[in-house]
Amino acid sequence: MEIKDMQAFYAIVEEGNISHAAIRLSIAQPALSRQMKKLETSLGVQLFERGSRRIRLTDAGQLLYSRVKHILGMVDGTLREITDIGSGVAGTIKLGTVTSSGAMLIPQLVADFHRAYPMVNFNIWESDGARILELLDSHIIELAITRTQVDSSTYESIVLPDEPLVLAMHKDLCCCGEDPERIHIHELADKPLLVPLRWYTGFLEQCQKHKFEPNILSVSDSQIQNILWTQMGIGISLVPLSARSMVNSDKVIFKHLVESEIHTHTVVAWLKNRTLSSSCTHFLNLFRKKYVKK
Numbered sequence: 001m002e003i004k005d006m007q008a009f010y011a012i013v014e015e016g017n018i019s020h021a022a023i024r025l026s027i028a029q030p031a032l033s034r035q036m037k038k039l040e041t042s043l044g045v046q047l048f049e050r051g052s053r054r055i056r057l058t059d060a061g062q063l064l065y066s067r068v069k070h071i072l073g074m075v076d077g078t079l080r081e082i083t084d085i086g087s088g089v090a091g092t093i094k095l096g097t098v099t100s101s102g103a104m105l106i107p108q109l110v111a112d113f114h115r116a117y118p119m120v121n122f123n124i125w126e127s128d129g130a131r132i133l134e135l136l137d138s139h140i141i142e143l144a145i146t147r148t149q150v151d152s153s154t155y156e157s158i159v160l161p162d163e164p165l166v167l168a169m170h171k172d173l174c175c176c177g178e179d180p181e182r183i184h185i186h187e188l189a190d191k192p193l194l195v196p197l198r199w200y201t202g203f204l205e206q207c208q209k210h211k212f213e214p215n216i217l218s219v220s221d222s223q224i225q226n227i228l229w230t231q232m233g234i235g236i237s238l239v240p241l242s243a244r245s246m247v248n249s250d251k252v253i254f255k256h257l258v259e260s261e262i263h264t265h266t267v268v269a270w271l272k273n274r275t276l277s278s279s280c281t282h283f284l285n286l287f288r289k290k291y292v293k294k
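Sequential numbering of the sequence shown, starting at 1, is according to our numbering.
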């Protein structure tokens, strides 16, 4: 079995079907199907259960997948290390991030890193936390910046200190009160609210604890959408404090909740069984220097 067969098999399993894997590998679907049939013939076993809309592995396929995942990780890491030795700190850092954390951490970090290592470039994916970890598990990215808890048996990680969720509001939709920086949760009654999906349950419980049903206009997993709607005066959004860096309007103000703040935190994670490239290691070192307090 050649490396190209392992890569094709791995792509099919990760994508869930042959057509998506063919797109990922930039080959024709019939050619990929023939390659897998040839692999099964050479191994003398069936790897896939036929007849299902989504790829299902046989026991032999499950065993091969676990081995191939480890082998490709080692090959990928070895090739990067050899390249780094030959050319110095160069190459591409593949990074996935959730919106608010990326907006807070990445721009200045990349600017500082680029000045120190101008031969390194970046591929950046932006999505929700669960999808970012999927990309990390699939070896599509090397580093994940997320607000999702990670399994310490699978990932190495750096956890930044907690930050509060705050209310972002347009001045025309402002719950003024007497305090320019804080707001009582009952002041949100009847106001149109934009709530991120991951904090919806916790926020709803806080409102019910203070004996009112919030007027939730939108539940979304898009921080950018919530910020844009806030800037347009459509609603008041619940956002991490660091989301202030995403706002480009002086008409939007931020207020802390008085009664009980809801907190979140940012996690930077990478796979334990994967050797990071030299450029990625340097990037992590700079990250620690800038954001991790000793």
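No residue lacks a Cβ here, since even glycine has one placed at the ideal position from N, Cα and C.
- The beta-carbon separation of Gly91 and Leu135, rounded to 18 Å, does not stay under the 8 Å limit for a contact.
- Its chain contains Ala60 as the residues whose beta carbon lies nearer than 6 Å to that of Val45, once the 5 sequence neighbours on both sides are disregarded; these appear in chain order.
- Lys255 is bridged by DSSP to Leu167.
- The three-state secondary structure of His186, taken from DSSP, is helix.
- Between Thr264 and Arg147, the gap from beta carbon to beta carbon is short of 7 Å.
- Annotation: Ala144 to Gln225 spans about 22 Å, alpha carbon to alpha carbon.
- The straight-line gap separating the alpha-carbon atoms of Asn121 and Pro214 is approximately 45 Å.
- Residue environment for Ala269: buried (at least 16 other C-beta atoms within 10 angstroms of its C-beta).
- The secondary-structure analysis by DSSP pairs Val120 across a beta bridge with Gly91.
- Pro196 sits buried, since 16 or more C-beta atoms from the chains shown fall within 10 Å of its C-beta.
- Nearest in C-alpha terms to Ala130, of all of Glu156, Asp221, Leu217, is Asp221.
- When DSSP states are grouped into helix, strand and coil, Glu14 belongs to the helix group.
- In this chain, the beta strand (DSSP E) harbouring Trp270 covers 267-271.
- In this structure, Val239 is the residue among Lys191, Glu15, Val239, Gln29 with its C-alpha nearest to the C-alpha of Val166.
- Counting along the chain, Ala144 sits inside the beta strand (DSSP E) bounded by residues 143-146.
- Closest in alpha carbon position to Lys4, among Gln29, Leu57, Gln35, is Gln35.
- Taken atom to atom, the span from the alpha-carbon of Leu63 to that of Glu261 is near 47 Å.
- Around the beta carbon of Phe9, 16 or more other beta carbons sit within 10 angstroms, so the residue counts as buried.
- With respect to the C-alpha of Leu47, the residue from His20, Ser19, Met6 having the closest C-alpha is Met6.
- According to the DSSP assignment, Pro30 belongs to the alpha helix (DSSP H) that extends over 29-43.
- Around Glu259, the same chain offers Ile185 as residues with beta carbons nearer than 6 Å, after the five sequence neighbours per side are excluded.
- By a beta-carbon distance limit of 8 Å, Leu25 does not contact Tyr291. Their separation comes to about 37 Å.
- Cβ-Cβ distances below 6 Å link Ala28 to nothing in the same chain once the five nearest sequence neighbours on each side are left out.
- Residue environment: Thr230 is assigned as buried (16 or more neighbouring CB atoms within 10 Å of its CB, all protein chains considered).
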